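Numbered per the working numbering, the sequence shown spans residues 60 to 593. A virtual CB, placed ideally from N, CA and C, is assigned to each residue, including glycine. For clarity, every value in this text was computed on a predicted model and none was experimentally measured. To start, the structure under review is shown below, and the notes come after it.
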Amino acid sequence: MRKKLAEKMKFVHKINQHLNILVFGFFSIIFICITYLRVNTPISMMGDTGLLYSLLESIHNGNGQYTQIFASISDLIFTSNLPSAPLEKVCEMGVSSFSYTEEQMDFFKYHTYYILYPISLLVYLFKTPYVVQGLNILAFFSLLFISFFILSRLTQSRLIALLGISCVALHPAWSQSIIGQPYIDRLFLPVGLLIYYFAENNKLKSLLFSILVGCLINEKCILYIAVFLVAHSVLFFKKDFLRYRIFEFILGLLLLLLFYIITKLVINNAYYSSAIPKDISSLIMYFNDERFLNGSISLILISFIFIVVPLFKNFRYALISIIMLLPNIIGNIGGAEKTGFSTHYHSLYFPFLVYGFLVGFASIKKFSMSIINTFILYLFIFINIAIFYSTYNINSDQILSVKLKYNNLTLYSSLKNLIISRQSNAHIQKILFENIPKNANISSIEAGMPYLFKYQNVNYYPLNIGKSDFLVVKFNPHSQPKLIEGYSSYQGETHQKSANICLTQSIIKQNFDLDNPVFFSNSGLALIKKIPSN
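Structure representation (structure tokens):
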């Protein structure tokens, strides 16, 4: 009898080993394919991608955390405020000459991406786009891979674990975010999950190392780690682990102090004084805005499953999920923090929601007696989650609805778009490198930034068109009169069109060659060169 049982256990162990290899192999293949597609196709390639490429390239080349792209976008949005400026100012600023100081180009005055320094070593092995996109995709798949092993340990079932991580992958903070632009914040996805896991299992050395890595990602991670440690130490205070919980609580307070010092003395980021309401009256004013209220409600409903499932284990897990989600509920960054899942504003709370979901998901099995019934119960839960996340819709007013049609923004349709897109980014960059000298001054719209990360003198269009040697803009050579499009206005289409007409006239006066543009993108992006004066 013992021999048969031992043989059976050995067989099960071998099956589990093979399943682990299959899961790892599947993730690896998908990771490589998506990374290649992201690097070589112009999907979700905008200004933030160019900024990150440029910043990593600068650090790798020994020039520090300085990039003119950052200085220029700060000038455009905060200093000059051109999207909201009167027409006369837009035309005047477009031809002006700027020379940014080193401090203005220091990105770490905005966000502390210290982790880019060790990451920059990877550029010796891989090109910058592969490092950035690869780490971005790796963060998403690491979250699933770690979740798989946590859930496998909790349920003793690889099949249930696969169903669980499939639910995680369906949440738009995973399925939509992975198709968005790359951000350093994404690296916190696996790190945050590990911090929760190590704190739960009292693995102090591993916890401290994970916290160190998290703090290097950026200053926002310090805040989230600090809040989690304080909340976790209080909610899971046990006499058996008294010294550990006290240490966890004190460490959380120290990290809160560190975050305060950084935001007051190191960085100068306007969002910290504007995104979160300072008092109750400001919060009430936020919620009086219908779009803000709709967004907060939609965010809660979309994450509702990940808040409720932890209750199967313990209400404390659900409470931590709510606490970590709270900044997105009460914060205001134009709506991206509510339903803009392709942005990075959902990367910091999501790993904490995931861990709570995992422990709750694992606890569901105690409500079923037989193995078959347990699996059917899990399958039923997964199917319902899949139906919801595949059919929900959010309109421009951030109102959530469920429609009987496939959500076109999910990972799977986006992957289809990636595969269909035949245009190679390498080909686009080759055209630019052949036509633009390394030290040239360039004024580019946001869509051109990812292709210009190796150039040092790049400004956001229309800044510095008077000083620029080249323009990267949208241009229709068949329009009469000729019109360059690139200025974006917050004041409506009429203002935007008038500004583009005015800027086009300025460009013609600056002696740019509108008769021989070089088109290098299916989206209408064109390179326009200034004719040298005799």
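- In this structure, residue 579 keeps its C-beta atom at 7 Å or more from the C-beta atom of residue 407.
- By alpha-carbon distance to residue 229, the top candidate from 257, 450, 512 and 328 is 450.
- DSSP places residue 586 within a strand segment (E or B) once states are collapsed to three.
- According to DSSP, residue pairing for residue 461 in a beta bridge involves 451.
- In this structure, the alpha-carbon of residue 256 lies about 8 Å from that of residue 414.
- Between the segment 139-147 and the segment 110-126 there are fewer than three C-beta pairs closer than 8 Å, too few to call the two in contact.
- The DSSP assignment places 552-568 as complete runs of the alpha helix (DSSP H) inside the segment 537-583, in order along the chain (cut-off: 4 residues).
- Nearest Cα to residue 445 within the set 560, 350, 453 and 461: 461.
- For the 7 Å CB-CB criterion, residue 544 and residue 523 do not form a contact.
- With 16 or more other Cβ atoms from the protein chains shown falling within 10 Å of its own Cβ, residue 405 counts as buried.
- Around the beta carbon of residue 240, a 10 Å sphere encloses 16 or more other beta carbons of the protein chains shown; the residue is thus reported as buried.
- The DSSP assignment places complete alpha helix (DSSP H) segments of no fewer than 4 residues inside the segment 330-378 at 330-333, 339-347, 349-361 and 363-367, in order along the chain.
- Only residues of its own chain outside the window of five on either side were considered, and among them 124, 175, 176 and 179 have a CB closer than 7 Å to the CB of residue 118, listed in chain order.
- DSSP places residue 195 in the helix class (H, G or I) of the three-state scheme.
- In this structure, residue 360 sits near residue 459, with a CB-CB distance shorter than 7 Å.
- Nearest Cα to residue 531 within the set 495, 564 and 555: 495.
- Counting along the chain, the unbroken alpha helix (DSSP H) around residue 292 starts and ends at 278-294.
- Rounded to the nearest angstrom, the gap between the Cα atoms of residue 509 and residue 105 is 6 Å.
- Around the CB of residue 80, fewer than 16 other CB atoms lie within 10 Å, so the residue is classed as exposed.
- Comparing alpha carbon positions, the residue from 171, 417, 254 and 107 closest to residue 188 is 107.
- By the neighbour-count criterion, in which a residue is buried when 16 or more other Cβ atoms sit within 10 angstroms of its Cβ, residue 454 is exposed.
- Between residue 520 and residue 502, the C-beta gap is smaller than 7 Å, which places the two residues in contact.
- Cβ-Cβ distances below 7 Å link residue 292 to 304, 307, 308 and 311 in the same chain, with the five nearest sequence neighbours on each side left out; the list follows chain order.
- Taking a 10 Å sphere around the C-beta of residue 588, we find 16 or more other C-beta atoms and assign the residue as buried.
- Counting other Cβ atoms within 10 Å of its Cβ, residue 116 reaches 16 or more and is therefore classed as buried.
- Residue pairing of residue 530 in beta bridges, as defined by DSSP: 502 and 587.
- Taking 3 residues as the minimum length, the beta strand (DSSP E) runs contained wholly in the segment 399-456 are 451-453, in order along the chain.
- When secondary structure is reduced to three states using DSSP, residue 514 falls in the coil class, being assigned neither helix nor strand.
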